[in-house]
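2 protein chains.
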Amino acid sequence: MRDVAAAASVSVKTVSRVVHNYPFIRDEVRSRVQAEIRRLGFRPNGNAVGLRQTGRPAGSIGVLAADLADPFYAGMVSAIEQVSTARSFTTLVASSGEDAERERTLLATFVERRLDGLIVVSADRRHDHLRPDLDVGTHIVFADRPPQRLPVDCVLAAHADGARQAVEHLLGQGHRAIAFVGHSPAIHTARQRLRGFRAALTAAGLAPHTVRTDALDTEAAHRATAELLAAEDAPTALFADNPRLVGGMATAIAESAAPRTALVAFDDSELAGVLGVTVVAQDPRALGTQAADLLFSRLDGDHSRPRRIILPTTLVPRGSGEGRGVALRATRS
Amino acid sequence: MRDVAAAASVSVKTVSRVVHNYPFIRDEVRSRVQAEIRRLGFRPNGNAVGLRQTGRPAGSIGVLAADLADPFYAGMVSAIEQVSTARSFTTLVASSGEDAERERTLLATFVERRLDGLIVVSADRRHDHLRPDLDVGTHIVFADRPPQRLPVDCVLAAHADGARQAVEHLLGQGHRAIAFVGHSPAIHTARQRLRGFRAALTAAGLAPHTVRTDALDTEAAHRATAELLAAEDAPTALFADNPRLVGGMATAIAESAAPRTALVAFDDSELAGVLGVTVVAQDPRALGTQAADLLFSRLDGDHSRPRRIILPTTLVPRGSGEGRGVALRATRS
DNA sequence: CTGTTAGCGCGTTCAG
DNA sequence: CTGAACGCGCTAACAG
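Going down the list, the sequences are from chains A and B.
Following our numbering, the numbering of the first sequence begins with 1 at its first residue and continues without gaps.
Following our numbering, the numbering of the second sequence begins with 1001 at its first residue and continues without gaps.
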């Protein structure tokens, strides 16, 4: 900026005024400065601006996702970006890869860079360390997974309720031998789904046929499903804990001796649509939109008590949960 | 920091030293300062640090993706993050949503925040405006799409060559009536694929059966495919320009009177794997890794001429391109 | 081992 | 309409 000022024979302050479109500047001076700005390739230093302007928002929010490669979070982030862009805010995204330590590092970076607000999908089990940051004025909203002992807003889907919905749908079709295929419930949301699954069966006076929590990926799910269906006393219906298991489970069902075994999965996906797999869908974009709206209402000065928003899930029947088996289906209209 | 210094009765510089683990400090003083840091919830102000330490890297790179919701870019970003994390760098991601203006805004934000380097999947047709930023010392690597008139590194997949590979595979199976289904080639990579498609047919003394560039999404592709296959003179093989069309096209083929019509798609996807669709695969993670390696070599002081790395594509036969049609297949081992 | 001085690049305040 | 001086929070260089 000094250089530009010198080159245009004005003071730094005048350059600053030109950059900020301050109106009362002679056109001749303005254009001379602008020319030098272009010629020298000057860019205002965001660090210096952020340092000088304490209090005023910097115009950027941060999103910490657990896993960017997961289409669910990708959709959520995309919705957040949309809200944020509409407000002329920049959205910076980082992902922890489900690693709590990396999450803490990244959150620290966000806070240190003094972003105006954060939306967090946390892979951590504790959040006390964020308490000081709240006081510094960083607004935080938790999405998809609740905060532990931290008074902040959060937006969640009704996981337990969604699993219950799936089981009740299968019960309504007459199924009594219903198995759960998923992974070890270390993560809060997975725990909720398993809880809802069990609760719905208990309420009907039944017990789970099987609960398999060793299906970490689609191939493990394929094996688990094949084993279940090959057994003497095979289940007549399967509940897939998450959308990453659908491919393996659907294929295993199609290859088995019981290709009409019912399948309902938690969370929608392109694959489920094409294969005609019935799902209990959350709306990732709604999750993101709500979280962003909540964050911006805080940035706008809403100081009310932390809110917790629970979004309902929707059962989408496509055939696999209604006795028509798994197969290639026409695209949804 | 002033507050911490006052509370611990030391100078600010001593606090700074404690924060940075400067070794020569009395343990008693160190722990006293640390206690006050915790008590007051102090966080170093990254803006101030970045402002003072010019020259030294700030430890963060930026990634501008065209569309975060696209699994291809999600995988690429994930690979970049992995390289970056291994170097103890923070990765900040933003996405332009294929909007050139938003891309420019976001890049400006990155540059202003003085990130150490950028990896860009550009939706813009011009990049001259970045030239000044290069001089400021921001290192830029283009990924997936080449820069226009900007002397920077870039990593690309062999799009034209990949399309050629697909066509030759189909020619090898005896197909002569091969149709292209895709979208309008506004984007560089799509243009390259169409070019490779035409070139391969021309080289064999053939012309495309049809070139449809109106398939913007999976449903449009479903319609286009259905129309093609219902015609008197239907093609015997289809080339899908991108992985988002696979669901619609596979379903249309399965529903048609010619369910064994061959299908080869550009880019791999989970869906293609499960449906047994033959693809010409690029490796998004390799793209990210190479781009990140290139960027970090620049940060390490490599001043050689800009490089252009072209990554080869791989033909993955799964049945749909080899006369076995489209159907549910076992998961890949 | 610790404190003092100066200044990173910019915006704010107050004078011209 | 424009400029000079000051300070944001922190660290490099130099003293003690």
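Where is the CB? At the ideal position from N, CA and C, for every residue including glycine.
Residue i versus the options, residue with shortest Cα-Cα distance
| i | options | result |
| --- | --- | --- |
| Leu1106/B | Ala1292/B, Val1274/B and Ala1065/B | Ala1065/B |
| Arg1126/B | Asp1135/B, Phe1072/B and Phe1142/B | Phe1142/B |
| His1020/B | Ser1009/B, Ala1007/B, Gly1319/B and Ile1037/B | Ile1037/B |
| Ala1257/B | Leu1118/B, Ala1230/B, Arg1017/B and Glu1168/B | Ala1230/B |
| Asp241/A | Leu194/A, Thr210/A, Asp233/A and Leu271/A | Leu194/A |
| His1139/B | Ile1187/B, Arg1298/B and Ser1084/B | Arg1298/B |
| Ala1199/B | Pro1259/B, Leu1216/B and Ile1178/B | Ile1178/B |
| Gly182/A | Gly205/A, Arg244/A, Pro57/A and Phe110/A | Arg244/A |
| Ala163/A | Leu201/A, Ala186/A and Pro151/A | Leu201/A |
| Asp1135/B | Asp1144/B, Leu1150/B and Gln1053/B | Leu1150/B |
| Glu81/A | Phe296/A, Val155/A and Ala204/A | Phe296/A |
| Val1326/B | Leu1051/B, Val1167/B, Thr1189/B and Val1264/B | Val1264/B |
| Arg87/A | Asp300/A, Val18/A and Arg308/A | Asp300/A |
| Val1121/B | Ile1253/B, Gly1137/B, Pro1235/B and Ile1187/B | Ile1187/B |
| Gly1276/B | Leu328/A, Asp302/A, Ile253/A and Asp70/A | Leu328/A |
| Asp124/A | Glu101/A, Gly137/A and Gly117/A | Glu101/A |
| Pro146/A | Glu168/A, Val167/A, Thr189/A and Thr210/A | Thr189/A |
| Ala204/A | Glu168/A, Ser269/A and Gly59/A | Glu168/A |
Backbone CA spacing between residue i and residue j [nearest angstrom]
| i | j | result |
| --- | --- | --- |
| Ala79/A | Gln282/A | 14 Å |
| Arg1191/B | Thr1213/B | 11 Å |
| Val1012/B | Pro132/A | 20 Å |
| Arg1176/B | Thr1313/B | 23 Å |
| Arg1332/B | Glu1103/B | At Arg1332/B the pLDDT is 49, less than 50, meaning the model places this residue with poor confidence; the figure from the coordinates comes in the next sentence. So the two alpha carbons sit approximately 37 Å from each other. |
| Phe42/A | Asp1153/B | 23 Å |
| Arg32/A | Arg39/A | 11 Å |
| Leu1315/B | Leu1170/B | 11 Å |
| Val1015/B | Val1063/B | 33 Å |
| Arg1305/B | Leu1294/B | 12 Å |
| Gln1148/B | Asp128/A | 48 Å |
| Phe1024/B | Val1004/B | 19 Å |
| Thr1109/B | Ala94/A | 16 Å |
| Arg318/A | Asp1099/B | 35 Å |
| Ala1160/B | Arg1324/B | 26 Å |
| Thr1054/B | Met1001/B | 20 Å |
| Pro1235/B | Ile1253/B | 11 Å |
| Ala1006/B | Val1155/B | 52 Å |
| Asp1267/B | Asp70/A | 18 Å |
| Gly335/A | Arg308/A | The first residue shown for chain A is 1 and the last is 333, placing residue 335/A beyond what the model contains. |
| Arg1030/B | Leu216/A | 45 Å |
| Val1018/B | Ala1035/B | 11 Å |
| Ala1221/B | Phe1180/B | 11 Å |
| Val1280/B | Ala1048/B | 49 Å |
| Pro259/A | Ser1096/B | 44 Å |
| His1303/B | Gly1137/B | 12 Å |
Identified DSSP bridge partners for residue i
| i | result |
| --- | --- |
| Ser1095/B | Ala1065/B |
| Val264/A | Phe239/A and Thr278/A |
| Ile366/A | Past the boundaries of the shown model lies residue 366/A; chain A is included only from 1 to 333, so the question cannot be answered. |
| His1139/B | Gly1117/B |
| Ile1178/B | Ala1237/B |
| Arg1212/B | Val1181/B |
| Val316/A | Val279/A |
| Thr90/A | Ser60/A |
Beta-carbon proximity of residue i to residue j, cut-off 8 Å
| i | j | result |
| --- | --- | --- |
| Thr218/A | Leu238/A | no |
| Gln173/A | Glu322/A | yes |
| Leu1092/B | Leu1115/B | yes |
| Phe1089/B | Ile1061/B | yes |
| Thr1311/B | Ala1157/B | Rather than Thr, the amino acid found at residue 1311/B in this sequence is Leu. Yes, they are a contact pair. |
| Thr1289/B | Ser1320/B | no |
| Gly1273/B | Glu112/A | no |
| Glu1255/B | Ala330/A | yes |
| Pro1185/B | Phe1197/B | no |
| Ser1009/B | Ala1292/B | no |
| Leu51/A | Leu1068/B | no |
Could you say if the region 281 to 300 of chain A and the region 69 to 76 of chain A meet the contact criterion of at least three C-beta pairs nearer than 8 Å?
-> yes
Flag this pair as touching only if the region 1222 to 1236 of chain B and the region 1244 to 1259 of chain B have three or more C-beta atom pairs under 8 Å; answer yes or no.
-> yes
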